[in-house]
Amino acid sequence: MSDAQELLELARSLRARIEDGDIRLAPASPVSLSPKPPTPPSEPVSLSPKGERGGVRESVVASTTLESLKEQVSACKKCPLGGQRLNAVFGVGSAQAEVMFVGEGPGYQEDRQGEPFVGRAGQLLDDILRAIGLSRETVYIANVVKCHPMKDPGDPDARGNDRPPTPKEMEACMPYLQEQIRLIAPRVIVTLGNVATKALLREETGISRLRGQWRELAVPGMAAPLRLLPTYHPAALLRDPGLKRDVWTDMKNLRTELTKT
160 MSDAQELLEL ARSLRARIED GDIRLAPASP VSLSPKPPTP PSEPVSLSPK
210 GERGGVRESV VASTTLESLK EQVSACKKCP LGGQRLNAVF GVGSAQAEVM
260 FVGEGPGYQE DRQGEPFVGR AGQLLDDILR AIGLSRETVY IANVVKCHPM
310 KDPGDPDARG NDRPPTPKEM EACMPYLQEQ IRLIAPRVIV TLGNVATKAL
360 LREETGISRL RGQWRELAVP GMAAPLRLLP TYHPAALLRD PGLKRDVWTD
410 MKNLRTELTK T
């Protein structure tokens, strides 16, 4: 079965579960996605890799726009990934998004297209978003690291060359993600998978125990903590379709949260 056929079967399975009542999304008022007022510029904040002010390592100075931050990321060589990538993968979506999805890092297709979640897992994420009334254009999607972590950087065209980012790579890139969050100021962050969840919550508990549990995330430069919801990465659903029920439960809870005034 081809990738496209497998994905179609997964989408049909998800729709069938909803239609049969196996998985139901509670009725809710339409999610308001009206533009938020722009975030006013603030005093420059030095973000260390652990989110502290005044860190001694090379840090990110608060940007006034996502575009200026994207330029910093494109020029970044703070870790070896910067010299191995084909394209920096900054993020995609609305700068006024109410919800921000965060994965671990770019893969083969993302490295070539410069956009997060464009492979099979990304197509499944798009299907999940549509099922709860959202889209790639109304949310914001990013990763913890912005460059493709490869097992063998000397062979970037090899398939199956992906690997999780190392703690040092995530530490180097975390200030960029924190600044994206500050500039977008979403109401909710959804972490996709084990790596992204551990990186933001800074704890070692596995995703199977953390998923579906609302947490709070303090971000330097923001007055109040943000709501954070961990769930499985779409790639995990492709490997184990039995996880779809848990993800739908999490997405139903996300939609309920977004309809609150």
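Residue numbers (the working numbering): 160 to 420. All residues carry an ideal CB built from backbone N, CA and C; glycine is no exception. Please read all numbers here as calculations on a predicted model, not as lab measurements.
>> Quick check on Arg414: buried or exposed, where buried means 16 or more other Cβ atoms within 10 Å of its Cβ?
In response: Walking along the sequence shown from the start, residue 414 turns up at place 255. Classification for Arg414: buried.
task: Assuming Arg244 and Cys332 form a contact by the criterion Cβ under 8 Å, report the distance between their Cβ atoms to the nearest whole angstrom.
output: Position 85 of the sequence shown holds residue 244. Position 173 of the sequence shown holds residue 332. That belief does not hold up - the Cβ atoms of Arg244 and Cys332 are roughly 12 Å apart, past 8 Å.
>> Measuring only the C-alpha atoms, how far is Thr297 from Lys327?
In response: Reading the sequence shown from its first residue, position 138 is the one you call residue 297. Reading the sequence shown from its first residue, position 168 is the one you call residue 327. Spanning the two alpha carbons is a distance of roughly 32 Å.
Provide the residue span of the beta strand (DSSP E) that contains Val349, from first to last. On the sequence shown, position 190 is the one that residue 349 refers to. From DSSP, the beta strand (DSSP E) with Val349 extends over Val347 to Leu351.
To the nearest angstrom, how far is the alpha carbon of Pro389 from that of Gln268? Working through the sequence shown from its first residue, we reach residue 389 at position 230. Working through the sequence shown from its first residue, we reach residue 268 at position 109. About 24 Å.
task: Within 10 angstroms of the Cβ of Glu263, are there 16 or more other Cβ atoms? Answer buried if so, exposed if not.
output: By one-based count along the sequence shown, residue 263 stands at place 104. Classification for Glu263: buried.
- Query: Counting only runs that start and end within the stretch 356-395, where is the alpha helix (DSSP H) found for 4 or more residues in a row?
  - Reply: 366-369
**Boundaries of the alpha helix (DSSP H) in which Ala280 is found, first to last residue** = Your numbering for residue 280 matches position 121 in the sequence shown. Looking at the DSSP string, the run of the alpha helix (DSSP H) that includes Ala280 is Arg279 to Ala290.
Whether or not the stretch 232-241 and the stretch 364-379 are in contact is what I'm after, with contact meaning three or more pairs of Cβ atoms, one per stretch, closer than 8 Å; do they touch?
no
Taking DSSP as the reference, what is the three-state secondary structure of Asn302?
-> Looking up residue 302 in the sequence shown gives position 143. The answer is strand: DSSP assigns Asn302 an E or B state.
Would you mind sorting Pro334 into buried or exposed? The rule is 16 or more other CB atoms within 10 Å of its CB. For this step, residue 334 is matched to residue 175 along the sequence shown. Looking at its Cβ environment, which holds 16 or more other Cβ atoms inside 10 Å, Pro334 is buried.
| said: Please report whether the beta-carbon of Lys310 lies at a distance below 8 Å from any beta-carbon of chain D. | reply: Protein chains in the displayed structure number just one, and chain D is not present.
(request) Determine the direct distance from the alpha carbon of Met329 to that of Pro384, and round the result to whole angstroms. (result) Sequence index remark: in the sequence shown, residue 384 carries index 225 (1-based). Sequence index remark: in the sequence shown, residue 329 carries index 170 (1-based). Cα-Cα distance, rounded: 21 Å.
Q) Which one or two residues does DSSP pair with Phe260 in a beta bridge? A) Taking the sequence shown and counting its residues from 1, one reaches residue 260 at position 101. Paired residue(s): Ile300 and Val349.
Among the candidates Gln255, Pro324 and Ile340, whose CA atom is the shortest distance from the CA of Arg295? As a first step, residue 295 is located in the sequence shown; it is residue number 136 there, counting from the start. Checking every option, the nearest Cα to that of Arg295 belongs to Gln255.
Point to revise | 7 Å Cβ shell around Thr356 - same chain, five flanking residues per side excluded | key: On the sequence shown, position 197 is the one that residue 356 refers to. The answer, listed in chain order, is Thr350, Ile366, Leu369 and Pro389.
- Would you mind sorting Pro400 into buried or exposed? The rule is 16 or more other CB atoms within 10 Å of its CB. Here residue 400 refers to the residue found at position 241 of the sequence shown. It is exposed - the Cβ of Pro400 has fewer than 16 other Cβ atoms within 10 Å.
Smallest Cα separation from Asp405: which of Asp321, Val232, Ile287 and Gln339?
As a first step, residue 405 must be located in the sequence shown, where it is residue number 246. Comparing Cα positions, the closest option is Ile287.
Does the Cβ-Cβ distance between Pro275 and Ile291 come in under 8 Å?
Residue mapping note: residue 275 aligns to position 116 of the sequence shown, counting from 1. Residue mapping note: residue 291 aligns to position 132 of the sequence shown, counting from 1. No, they are not a contact pair.
>> If you follow the alpha helix (DSSP H) that Ser233 is in, where does it begin and where does it stop?
In response: Reading the sequence shown from its first residue, position 74 is the one you call residue 233. Leu225 to Ser233 is the span of the alpha helix (DSSP H), which, as asked, contains Ser233.
Exercise. Can you tell which of Thr418, Leu342 and Ala382 has its C-alpha closest to the C-alpha of Lys229?
Worked result: Mapped onto the sequence shown, residue 229 falls at position 70. Out of Thr418, Leu342 and Ala382, Leu342 has the C-alpha closest to the C-alpha of Lys229.
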